[in-house]
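The next block holds one structure in the form of C-alpha coordinates; read it before the comments.
Residue numbers (the numbering used here): 35 to 210.
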(Lines of atoms letter the chains of each structure in order from A and count residues from 1; the text may use other names and numbers.)
(Lines give C-alpha, C1' and ligand atoms only; values in the text may rest on other atoms or scores of the structure.)
Protein backbone atom coordinates (compact mmCIF):
# COMPACT_ATOMS: atom_id res chain seq x y z
CA UNK A 1 0.00 0.00 0.00
CA UNK A 2 1.20 3.48 -0.79
CA UNK A 3 1.93 6.05 1.88
CA UNK A 4 -1.08 7.91 3.19
CA UNK A 5 -1.81 10.65 5.68
CA UNK A 6 -4.21 10.27 8.58
CA UNK A 7 -5.92 13.64 9.07
CA UNK A 8 -8.79 15.18 10.99
CA UNK A 9 -11.98 15.33 8.94
CA UNK A 10 -14.24 16.87 11.61
CA UNK A 11 -13.36 17.61 15.23
CA UNK A 12 -16.16 20.00 16.12
CA UNK A 13 -18.83 17.48 17.16
CA UNK A 14 -19.71 16.92 20.81
CA UNK A 15 -19.44 13.13 20.86
CA UNK A 16 -16.96 12.06 18.21
CA UNK A 17 -13.86 13.19 16.33
CA UNK A 18 -13.68 11.98 12.74
CA UNK A 19 -10.46 11.29 10.86
CA UNK A 20 -9.96 10.31 7.25
CA UNK A 21 -7.12 9.22 4.98
CA UNK A 22 -5.47 11.03 2.10
CA UNK A 23 -3.39 9.11 -0.42
CA UNK A 24 0.09 10.43 -1.02
CA UNK A 25 -0.01 13.34 -3.49
CA UNK A 26 -3.84 13.37 -3.59
CA UNK A 27 -5.58 16.73 -3.49
CA UNK A 28 -8.64 15.43 -1.65
CA UNK A 29 -9.08 13.00 1.20
CA UNK A 30 -11.06 9.81 0.65
CA UNK A 31 -14.16 10.86 2.62
CA UNK A 32 -14.52 14.16 0.77
CA UNK A 33 -14.15 12.29 -2.54
CA UNK A 34 -17.03 10.03 -1.52
CA UNK A 35 -19.42 12.80 -0.53
CA UNK A 36 -18.48 15.02 -3.48
CA UNK A 37 -19.04 12.19 -5.97
CA UNK A 38 -22.42 11.06 -4.66
CA UNK A 39 -23.71 14.54 -3.84
CA UNK A 40 -23.07 15.59 -7.46
CA UNK A 41 -25.18 12.74 -8.86
CA UNK A 42 -28.95 13.47 -8.81
CA UNK A 43 -29.71 9.76 -8.31
CA UNK A 44 -27.58 9.50 -5.16
CA UNK A 45 -27.68 13.07 -3.84
CA UNK A 46 -30.44 12.46 -1.29
CA UNK A 47 -28.78 9.30 0.03
CA UNK A 48 -25.42 11.11 0.28
CA UNK A 49 -27.00 13.94 2.26
CA UNK A 50 -28.82 11.47 4.51
CA UNK A 51 -25.58 9.60 5.18
CA UNK A 52 -23.71 12.84 5.88
CA UNK A 53 -26.39 13.80 8.40
CA UNK A 54 -26.17 10.34 9.97
CA UNK A 55 -22.40 10.74 10.40
CA UNK A 56 -22.22 14.35 11.57
CA UNK A 57 -25.47 14.63 13.52
CA UNK A 58 -26.40 11.16 14.78
CA UNK A 59 -22.87 9.91 15.45
CA UNK A 60 -20.95 13.16 15.84
CA UNK A 61 -23.38 15.19 17.91
CA UNK A 62 -26.00 12.92 19.43
CA UNK A 63 -24.82 9.39 20.20
CA UNK A 64 -21.18 8.87 19.35
CA UNK A 65 -19.87 5.75 17.62
CA UNK A 66 -21.95 3.34 19.69
CA UNK A 67 -22.25 -0.36 18.92
CA UNK A 68 -25.88 -0.04 17.77
CA UNK A 69 -24.90 2.36 14.97
CA UNK A 70 -21.72 0.45 14.10
CA UNK A 71 -23.27 -2.98 13.55
CA UNK A 72 -22.51 -3.68 9.87
CA UNK A 73 -19.26 -5.64 10.22
CA UNK A 74 -17.42 -6.04 6.93
CA UNK A 75 -14.08 -7.65 7.79
CA UNK A 76 -11.70 -4.98 9.14
CA UNK A 77 -14.16 -2.11 8.67
CA UNK A 78 -17.72 -1.13 9.48
CA UNK A 79 -20.17 -0.19 6.74
CA UNK A 80 -22.32 2.86 7.40
CA UNK A 81 -25.21 3.35 7.86
CA UNK A 82 -26.22 0.72 10.41
CA UNK A 83 -28.10 -2.40 9.36
CA UNK A 84 -31.54 -3.37 10.59
CA UNK A 85 -33.89 -1.39 12.78
CA UNK A 86 -32.04 0.23 15.67
CA UNK A 87 -33.67 2.22 18.47
CA UNK A 88 -31.37 4.59 20.36
CA UNK A 89 -32.99 6.67 23.11
CA UNK A 90 -36.31 6.63 21.30
CA UNK A 91 -34.84 7.50 17.89
CA UNK A 92 -35.25 4.79 15.25
CA UNK A 93 -32.48 4.30 12.71
CA UNK A 94 -33.68 2.23 9.76
CA UNK A 95 -32.11 2.29 6.29
CA UNK A 96 -33.77 -0.44 4.20
CA UNK A 97 -32.14 -0.96 0.80
CA UNK A 98 -29.89 2.05 1.39
CA UNK A 99 -27.90 2.51 -1.84
CA UNK A 100 -24.61 3.78 -0.38
CA UNK A 101 -21.95 2.43 1.94
CA UNK A 102 -19.31 4.51 3.66
CA UNK A 103 -16.56 2.55 5.38
CA UNK A 104 -15.32 3.39 8.85
CA UNK A 105 -13.04 2.18 11.63
CA UNK A 106 -13.67 2.81 15.30
CA UNK A 107 -10.38 3.31 17.09
CA UNK A 108 -10.03 0.84 19.93
CA UNK A 109 -13.80 0.31 19.98
CA UNK A 110 -14.09 3.80 21.43
CA UNK A 111 -17.27 5.80 20.91
CA UNK A 112 -15.43 9.07 20.28
CA UNK A 113 -12.78 8.35 17.60
CA UNK A 114 -13.67 7.19 14.09
CA UNK A 115 -11.74 7.04 10.85
CA UNK A 116 -13.89 7.44 7.75
CA UNK A 117 -12.70 6.05 4.44
CA UNK A 118 -14.36 6.04 1.03
CA UNK A 119 -17.28 3.94 -0.09
CA UNK A 120 -19.59 3.47 -2.99
CA UNK A 121 -22.86 2.41 -4.51
CA UNK A 122 -24.19 -0.93 -3.31
CA UNK A 123 -25.53 -2.45 -6.52
CA UNK A 124 -25.53 -6.14 -5.53
CA UNK A 125 -26.15 -8.31 -2.46
CA UNK A 126 -22.45 -8.31 -1.53
CA UNK A 127 -19.54 -5.89 -1.62
CA UNK A 128 -17.72 -8.24 -3.95
CA UNK A 129 -20.64 -8.16 -6.40
CA UNK A 130 -20.93 -4.37 -6.35
CA UNK A 131 -18.53 -3.09 -9.01
CA UNK A 132 -18.34 0.46 -7.64
CA UNK A 133 -18.05 -0.64 -4.03
CA UNK A 134 -15.67 -3.60 -4.09
CA UNK A 135 -12.41 -1.72 -4.69
CA UNK A 136 -13.30 0.92 -2.07
CA UNK A 137 -14.04 -1.82 0.46
CA UNK A 138 -10.71 -3.54 -0.27
CA UNK A 139 -8.86 -0.22 0.10
CA UNK A 140 -10.68 0.58 3.36
CA UNK A 141 -9.71 -2.82 4.77
CA UNK A 142 -6.07 -2.21 3.79
CA UNK A 143 -6.07 1.22 5.43
CA UNK A 144 -7.69 -0.23 8.56
CA UNK A 145 -5.08 -3.00 8.83
CA UNK A 146 -2.24 -0.48 8.51
CA UNK A 147 -3.78 1.85 11.10
CA UNK A 148 -4.39 -0.99 13.57
CA UNK A 149 -0.80 -2.16 13.06
CA UNK A 150 0.51 1.38 13.69
CA UNK A 151 -1.52 1.55 16.92
CA UNK A 152 -0.19 -1.84 18.09
CA UNK A 153 3.40 -0.91 17.22
CA UNK A 154 3.18 2.50 18.89
CA UNK A 155 3.72 4.46 15.65
CA UNK A 156 0.55 6.34 16.48
CA UNK A 157 -0.97 6.97 19.89
CA UNK A 158 -4.30 8.15 21.23
CA UNK A 159 -4.59 11.30 23.33
CA UNK A 160 -7.69 10.36 25.30
CA UNK A 161 -8.20 13.78 26.90
CA UNK A 162 -8.12 15.68 23.61
CA UNK A 163 -9.83 12.94 21.56
CA UNK A 164 -6.97 12.93 19.06
CA UNK A 165 -4.68 10.54 17.27
CA UNK A 166 -1.02 11.57 17.28
CA UNK A 167 2.23 10.29 15.83
CA UNK A 168 4.62 8.62 18.27
CA UNK A 169 6.43 11.95 18.74
CA UNK A 170 3.20 13.77 19.64
CA UNK A 171 2.79 15.41 16.24
CA UNK A 172 -0.67 15.77 14.67
CA UNK A 173 0.77 15.15 11.21
CA UNK A 174 0.59 11.39 10.67
CA UNK A 175 2.10 9.55 7.69
CA UNK A 176 1.64 5.80 7.44
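Glycine is no exception: its CB is placed at the ideal position from the N, C-alpha and C atoms.
This one's a predicted model, so the numbers in the text were calculated from it and none came from an experiment.
Rounded distance between the beta-carbons of residue j and residue i, thought under 8 Å
i: residue 50; j: residue 93; result: 6 Å
i: residue 155; j: residue 167; result: 6 Å
i: residue 30; j: residue 150; result: Limits of the chain in this structure are 35 at one end and 210 at the other, which puts residue 30 out of reach.
i: residue 58; j: residue 152; result: At roughly 15 Å, the Cβ-Cβ gap does not stay under 8 Å, so residue 58 and residue 152 are not in contact.
i: residue 201; j: residue 190; result: 6 Å
i: residue 84; j: residue 178; result: In fact, because the Cβ distance is near 24 Å, the residues do not count as touching under 8 Å.
i: residue 40; j: residue 181; result: 7 Å
i: residue 148; j: residue 52; result: 5 Å
CA-to-CA distance, residue j to residue i, given in whole angstroms
i: residue 162; j: residue 170; result: 10 Å
i: residue 159; j: residue 203; result: 44 Å
i: residue 37; j: residue 60; result: 11 Å
i: residue 106; j: residue 115; result: 8 Å
i: residue 144; j: residue 98; result: 9 Å
i: residue 141; j: residue 209; result: 17 Å
i: residue 197; j: residue 138; result: 17 Å
i: residue 91; j: residue 123; result: 15 Å
i: residue 78; j: residue 136; result: 13 Å
i: residue 206; j: residue 132; result: 35 Å
i: residue 47; j: residue 82; result: 19 Å
i: residue 239; j: residue 75; result: Residue coverage of the chain in this structure runs from 35 to 210, which leaves residue 239 outside it and unanswerable.
One or two residues paired with residue i in a DSSP bridge
i: residue 44; result: 52
i: residue 57; result: 38
i: residue 108; result: 111
i: residue 127; result: 120
Min CB distance residue i to chain C below 9 Å
i: residue 114; result: The question asks about chain C, but that chain is absent: this structure has only one protein chain.
For the segment 172-179 against the segment 119-127, are there 3 or more C-beta pairs whose distance is under 8 Å? Contact between the segment 172-179 and the segment 119-127 is not established, with fewer than three Cβ pairs separated by less than 8 Å.
Any alpha helix (DSSP H) of 4 or more consecutive residues that is wholly inside the segment 147-200: Listed in chain order, they are 165-187.
Is the segment 64-77 in contact with the segment 113-121, if contact means three or more CB pairs nearer than 8 Å? no
Starting from the N-terminal side, write out each stretch of the alpha helix (DSSP H) that is 4 residues or longer and does not extend beyond the segment 57-99. 64-74 and 79-87
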